[in-house]
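Trainee: This structure is in structure tokens; I'll ask about it shortly.
Right, dumping it as structure tokens:
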């Protein structure tokens, strides 16, 4: 009899948890999307009751404390799925990202709390702490900044003490919030870690963080001065604990002038970032990417073979038909100087393919000087490449010899930069060349970045060519007059800085004093040097 009662209670619990509860959530989800009629009173109850963030004054807040959430408040996007996908793809790989994508129908049926648990499990199970720290430092900030709500950030930055309370995993947002937004405290959901790897589950003591309870525990009897919440009715609970409260509503997010953060107003310039994805991976965008991958790989191989096997004039035509766009501007006559030395083309550095597209624009082969190139890239390169050793004397001798043999192309930045910035130019080239032609190179991609600091560099050309319609812009500037070269009495640093400024002006990029070492220390934790095997 007792066994039957236990069995009955177990069946009752299963029916309630997995059938009744799931059906309730599904019906609630459907009503939220408007498939079932809702009265105006119900709609008003589900929204927030607090005034818009646009009505919040920002003067005189230097000594006040502000509390807000990153999800639905600081970010314009109402869904956190794309950021879980970024962690899954960049941190865990293609298979993990595909599993997370397959969970989308389940996430649609489940409630917010259960959906968060599922996303966390697929994203973090077996993921290393160090890998997550790297993704949080080098990948996520770019997408957070692009989706940062302008007015919400202005309110946040006006406060003297800033606290973020969020139900999403703390490890995903803490680095960005403290480094870029100068947040003092981040209170979020904690994840279990075993021997340096996440289990995918929340800690037993906290589970999914409840914002109003966490706020009470953190502040005690005191009340924060300002509360900033999203457009969900459950934010009303923690906002009610604040002296003043404001919400980010739909109208605030729809207005570009009030919500979109311009690059020049970023709290910290975004010069370096890593990762392969060039788009925000929403469920629909991620599905399109996976559908494109098989065709993209075949197309990349075809484009690669076209560049290697066909003459330049024919490869341009075939490349255009395959979707590769090349824009050439300002091509001038670059005959050799009187002493019969070659012309030195000085380029901005966007991808490893810069010298190849330069040769394609010129219609002739030019020797490329490289600093660190994978053996794979050297083997498949359709032009001659010569590796420099970062030894000024030896590199100078190599460049002198090659210039006596013919034309050269060099990228003095020494490494690629994705954003509209130019890194500091090495001045060695200016000491050796008589004829210098600056070339402004730029790229545009829609799906994958063709550069990496921490990944496999040999795959960089493949990823660039996998884009549906990659674009390369090649603009030849005027040859440097003799009076602006070292032969005319200028120092090598003056010449390098002048060319950097000319290229920055042509591209609309900002010139910096940052170097290859700065980039790799930030993105990969090393100086980006490749040791030659003896």
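Residue numbers (our numbering): 25 to 558.
For each residue, glycine too, the CB sits at the ideal point set by N, CA and C.
In this text, all values refer to a predicted model and were calculated from it rather than measured experimentally.
(1) Can you grab the Cα-Cα spacing for the pair residue 278 / residue 272, in whole Å?
(2) Nearest CA to the CA of residue 450: which residue from 373, 113, 427?
(3) Are the beta-carbon atoms of residue 461 and residue 503 separated by less than 8 angstroms?
(4) According to DSSP, residue 535 sits in a beta bridge with which residue or residues?
(5) Apart from the five residues on each side of it in sequence, which residues of its chain come closer than 6 angstroms, Cβ to Cβ, to residue 454?
(6) If the criterion is Cβ atoms closer than 8 angstroms, does the pair residue 164 and residue 107 meet it?
(7) Count the other C-beta atoms from every protein chain shown that fall within 10 angstroms of the C-beta of residue 493, then say buried if there are 16 or more, exposed otherwise.
(8) Looking at the secondary structure, which residues open and close the beta strand (DSSP E) in which residue 185 lies?
(9) Since I believe residue 489 is in contact with residue 324 (beta carbons under 8 angstroms), could you give me their beta-carbon distance rounded to a whole number of angstroms?
(10) Can you find at least 3 beta carbon pairs, one from the region 436-445 and one from the region 339-351, that sit closer than 8 angstroms?
(11) Between residue 14 and residue 170, what straight-line distance do the alpha-carbon atoms span, to the nearest angstrom?
(12) Can you list, in chain order, the residues of its chain with a C-beta nearer than 6 angstroms to that of residue 227? Leave out the 5 residues immediately preceding and following it.
(13) First and last residue of the beta strand (DSSP E) that includes residue 355?
(14) In its own chain, which residues sit with a C-beta less than 7 angstroms from the C-beta of residue 48, not counting the 5 before and 5 after it?
(15) Within the region 243-315, note down every full alpha helix (DSSP H) run reaching 4 residues or more, in order along the chain.
(16) Under a Cβ-count criterion, where at least 16 other Cβ atoms within 10 Å of its own Cβ denotes burial, should residue 523 be classed as buried or exposed?
(17) Please confirm if the region 244-262 is in contact with the region 88-96, defined as three or more CB-CB distances below 8 angstroms between the two stretches.
(18) Whose C-beta lies closer than 7 angstroms to the C-beta of residue 115 among residues of the same chain, with five residues either side of it excluded?
(19) In three-state DSSP terms, what is residue 320?
(20) Could you compute how far the alpha carbon of residue 512 sits from the alpha carbon of residue 506?
(21) Return yes when the Cβ of residue 288 is within less than 8 angstroms of the Cβ of residue 267, no when it is not.
(22) Select from 473, 477, 182, 435 the residue whose C-alpha is nearest the C-alpha of residue 486.
(23) Taking the DSSP output, what are the residues bridged to residue 499?
(24) Please report the distance separating the alpha-carbon of residue 78 from that of residue 204.
(25) Use the C-beta contact count for residue 338: other C-beta atoms within 10 angstroms, 16 or more gives buried, fewer gives exposed.
(26) I'd like to know whether the C-beta atoms of residue 471 and residue 302 end up nearer to each other than 8 angstroms.
(27) Distance, Cα to Cα, residue 180 vs residue 290?
(28) Rounded to a whole number of angstroms, what is the C-alpha to C-alpha distance between residue 396 and residue 438?
(29) Rounding to the nearest angstrom, what Cα-Cα distance links residue 535 and residue 435 in this structure?
(30) Could you tell me the distance, in whole angstroms, from the CA atom of residue 448 to the CA atom of residue 529?
(31) Give a yes or no on whether the C-beta atoms belonging to residue 314 and residue 125 are separated by under 8 angstroms.
(32) Round the Cβ separation of residue 232 and residue 140 to the nearest angstrom and send it over; I've been treating them as touching at under 8 angstroms.
(33) Between residue 297 and residue 134, what straight-line distance do the alpha-carbon atoms span, to the nearest angstrom?
Mentor: Checking against the coordinates, here is how it stands:
(1) Taking the straight line from one Cα to the other gives about 11 angstroms.
(2) 373
(3) A Cβ-Cβ contact shorter than 8 angstroms links residue 461 with residue 503.
(4) The bridge partners DSSP lists for residue 535 are 446.
(5) 510, 516, 519, 520
(6) Yes. Within cutoff.
(7) exposed
(8) 185-193
(9) 4 angstroms
(10) no
(11) Since the displayed the chain opens at 25 and closes at 558, residue 14 lies outside it and no answer follows.
(12) 214, 216
(13) Neither: residue 355 is in no beta strand (DSSP E) and is coded neither H nor E.
(14) Residue confidence is low: residue 48 scores 45 on pLDDT, short of 50, so the model does not pin down where it sits. No coordinate-derived value is stated.
(15) 259-263, 274-278, 280-283
(16) buried
(17) Taking a cut-off of 8 angstroms on C-beta distances, the region 244-262 touches the region 88-96, as three or more cross pairs fall below it.
(18) 151, 155, 156, 159
(19) helix
(20) 5 angstroms
(21) no
(22) Nearest option by C-alpha distance: 473.
(23) Residue 499 is bridged to 353, 464.
(24) 22 angstroms
(25) Under a 10 Å Cβ-count criterion, residue 338 is classified as exposed, with fewer than 16 other Cβ atoms of the shown protein chains found around its own Cβ.
(26) yes
(27) 13 angstroms
(28) 9 angstroms
(29) 15 angstroms
(30) 15 angstroms
(31) yes
(32) 6 angstroms
(33) 34 angstroms
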